[in-house]
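Going down the list, the sequences are from chains P and C. Add 1109 to the 1-based position in the first sequence for this note's numbering, that's all there is to it. Add 146 to the 1-based position in the second sequence for this note's numbering, that's all there is to it. In this text, a Cβ means the ideal position worked out from N, Cα and C, and glycines have one as well. All of these numbers come straight from a predicted model, not from anything done at the bench. Contents: one structure, followed by commentary.
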Amino acid sequence: MTAQPLKPSGKDLQFTQKKKARELKERVIEFILFLAAFSCVATTVAIMYLLISESVLFFQEVSLVEFLTSKDWSPLFDPPGYGILPLVSGTLTTTAVALSVALPMGLISAIYLSEFAAPSVREVVKPILELLAGIPTVVYGYFALLTVIPALQWLYLPIGPFLSNVLPNIFPTELAGFNMLGAGLVMGLMITPLISSISEDAMRSVPINLKEGSYATGATRLQTALKVVLPAAASGVIAAFILGVSRAVGETMIVAIAAGLQPTFTFNPLESAATITAFIVQVSLGDLPHGTLEYQTIFAAGLVLVFVTLAFNVIGYFLTKRFRETY
Amino acid sequence: MAQAEFSQSNSQSDYLQQIRASVARRELISRLFGLLGLLVISIATLILIALVAQLFVQGLPRLNWKFFTSFPSSDFNEAGILSAWVGSLLVMLTTMVIAVPLGVAAGIYLEEYAPKNWLAALIEINVTNLAGVPSIVYGLLALGLFSTVLNLGESILTAGLTLALLILPIVIVTTREALRAIPSSLREAAYALGASRWQMIWDHILPYSSGSILTGIIIGLSRAIGETAPLITIGALTFIAFLPPSPIQSQFPFISFEWLTAPFTVLPIQMFNWISRPQPEFQVNAAAAGVVLILLTLTLNAFAIYLRYRLRKGVKW
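Now the structure itself:
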């Protein structure tokens, strides 16, 4: 009855060796996969390190106070001015114009697509919107400069003199060939499909029994959409808005082509002004020797850009958390 | 008594009428909103389609064989997009070779391996954040790191690396979604047969999810092909009248990687260059380049949408 101690036979030994080899292989593969995933963290660290280290060099030459408060941005002139405010005002103005188009249009079309449209309409419209959102931004820049702005100029021509008589500080007699209104409008059109598509996904994921409950109390489609679906999907809709804001703030080619490259401290969309991104493009188009102050300015501008997007994202994070509903 | 009954029924019918009126009013408002929604969508779509159509009308007459086989030139009639489309092709190739293995591997790690700890959470937060970083910031990264510190210069390799990092979040997120859609019973079945984790993933999960992963890769590439700003930042030239060295050589070893270090231009940069010129003739060239770009991205996106549609109709778990 005593159990024979198992003697490892040759076959068993081979098996354990094979198993060990297999385990080693598994470990190595897991480590390689981990490295790939970790490359994302490395990218973030590299971006932040570069932006900050070049900006530190920049701020050794330029005072932080001047950078944040001066309204003169002319780093390539003599004497140079290093106030970032004109670029920030340009960025905020084009973003505001874009959002004033994209938010209402995106939200209305999302409500329509998720609550009103027949499935067949949705099946057709959604892919078309996705395709249009995929058009390269440089093409949108072409639209803005060569189609939309001339059209705006034509529309403005009859009312311009009258408006500039009434409020000469705001309204010019003629619309400039580069302006933030045209660039912003096209940017808004570009972002609309994005906002609409993400908001619609959020609304469609609201449980059907909530909607049925609303209909059972006699609510119409619109009442259900506004009072039940929209609040329930609020966190997703806000996330879509924030994504739209980040896209507008970071959008480069449309504003570089159509909004003008002259830094001007103004919030008037009828004027032309440079944005942060447009400035970076403008400087990069020239020759850019490493280590010069010129080279460092675009990193400082990039750092401001990252902070502006980060600020919107943090606001969005807290808003989505505040409005999150779980079922 | 009879009078009281009468007044009660009267007030009841009054009440009913009120309700009916309210329902009718609310229905009307709702219908009107439906119309508004349809109107908004039609307007947005039609404006965009009209803009695209206008671009085609401007650009199509310029599209001929010579346009594709000529270098850029200061004479608008001689100018073409040869160096631009060859550059775009090579940059896309480099981007794909870097982004696909890296992104798919990262997606697999996050979905199948990652333990629930702070490190995995950190990586996940990073992926989400990177997707929101403006593309021009990637250009700054490339300028400061790849072309200066790593000394790769204004080369195709730098451009490919930059765009690969740019589309990495897209590839990772779609890979994860594709893997998540595979039911766990498949994983358990593979384990039950004695497969190791990697054998399970490589032999079973990846083949099943390859279609969805491909969709993500295509969407990423269509994004990369139209990306202009980061490439301008690294100093891609706008005027290039030569081709990079050919990847295929007539002598041994037949394949050369010299093109990786060559200066380049790409289609969107060429288009940007033509838009910024004051002469209207060059804007016709820009429109023609825009037509090529739109057709490229539309084809890629349409293929991805079709693929997703096919996959959704195909396997039901």
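- Task: For the stretch 1383 to 1416 of chain P, list the beta strand (DSSP E) runs that are entirely contained and at least 3 residues long, ordered along the chain.
- Result: none
- Task: Would you mind stating whether P:Val1358 and P:Gly1297 have Cβ atoms separated by less than 8 Å?
- Result: no
- Between C:Lys459 and chain P, is there a C-beta pair that is closer than 8 Å? no
- Within 10 angstroms of its Cβ, does P:Val1423 collect 16 or more other Cβ (buried), or is it exposed? exposed
- Chain-order list of residues whose beta-carbon lies under 7 Å from that of P:Val1415 (same chain, five-residue window excluded): Leu1160
- Query: Could you check where the alpha helix (DSSP H) with C:Ala432 kicks off and where it finishes?
  - Reply: 426 to 459
- Query: DSSP beta-bridge partners for P:Tyr1191?
  - Reply: P:Trp1182
- Task: For P:Ser1218, go through chain C and note every residue whose CB falls closer than 8 Å to its CB, in chain order.
- Result: Gly183, Val186, Ile187, Ala190
- Item | 4-residue-minimum alpha helix (DSSP H) runs that sit fully inside the stretch 325 to 392 of chain C, ordered along the chain | 330 to 338, 343 to 346, 352 to 371, 375 to 379
- Task: Pick out the complete alpha helix (DSSP H) segments inside the stretch 202 to 227 of chain C, 4 residues or longer, and give them in chain order.
- Result: 211 to 215
- Task: Just mark P:Lys1320 as buried or exposed, buried being the case when its beta carbon has 16 or more other beta carbons within 10 Å.
- Result: buried
- Message: Output needed in chain order: residues of the stretch 245 to 261 of chain C with a Cβ under 9 Å from some Cβ in chain P.
- Response: Pro247, Leu248, Gly249, Val250, Ala251, Ala252, Gly253, Ile254, Tyr255, Leu256, Glu258, Tyr259, Ala260
- Name the chain P residues that come within less than 9 Å of C:Phe428, Cβ to Cβ? What C:Phe428 touches in chain P: nothing, since even the nearest Cβ is about 11 Å away.
- Item | Three-state secondary structure (DSSP) of P:Leu1264 | helix
- Task: Count the other CB atoms, across all protein chains shown, that sit within 10 Å of the CB of P:Met1157; report buried if there are 16 or more and exposed otherwise.
- Result: exposed
- Query: Which of helix, strand or coil does DSSP assign to C:Ile313?
  - Reply: helix
- Query: Hey, would you say C:Thr361 sits closer than 8 Å to C:Pro414, going by beta carbons?
  - Reply: no
- Message: When you compare the CB positions of C:Leu311 and P:Val1248, do they come within less than 8 Å of one another, or not?
- Response: no
- For the putative contact between P:Glu1309 and C:Asn447, defined by C-beta atoms under 8 Å, what is the C-beta separation to the nearest angstrom? 18 Å between Cβ atoms; not a contact.
- Which of helix, strand or coil DSSP assigns to C:Pro261: coil
- Query: Since C:Leu286 and C:Glu270 are thought to touch, with beta carbons under 8 Å apart, how far apart are those beta carbons, to the nearest angstrom?
  - Reply: That belief does not hold up - the Cβ atoms of C:Leu286 and C:Glu270 are roughly 24 Å apart, past 8 Å.
- Message: Is it buried or exposed, C:Met147, if we count other Cβ atoms within 10 angstroms and call 16 or more buried?
- Response: Summary for C:Met147: the model assigns pLDDT 49, below 50, so the residue's position carries little reliability; its value from the coordinates is reported in the next sentence. Exposed, because fewer than 16 other Cβ atoms sit within 10 Å of the Cβ of C:Met147.
- Start-to-end residues for the alpha helix (DSSP H) that takes in P:Glu1224: Careful: P:Glu1224 lies outside any alpha helix (DSSP H) and carries neither H nor E.
- Item | Runs of alpha helix (DSSP H) wholly within the stretch 1303 to 1387 of chain P (minimum 4 residues, chain order) | 1317 to 1325, 1330 to 1333, 1343 to 1359, 1362 to 1367
- Near C:Leu442, which residues of its chain fall below 7 Å by C-beta distance, leaving aside the five closest residues on each side in sequence? Ile371
- Item | Chain-order list of residues whose beta-carbon lies under 8 Å from that of P:Leu1194 (same chain, five-residue window excluded) | Leu1177, Thr1178, Ser1179, Lys1180, Trp1182, Phe1374
- Closest Cβ-Cβ distance between C:Ala336 and chain P: below 8 Å? no
- Count the other CB atoms within 10 Å of the CB of C:Arg458; is the residue buried (16 or more) or exposed (fewer)? exposed
- Give the secondary structure of C:Thr407 by DSSP, where H, G and I count as helix, E and B as strand, and everything else as coil. helix
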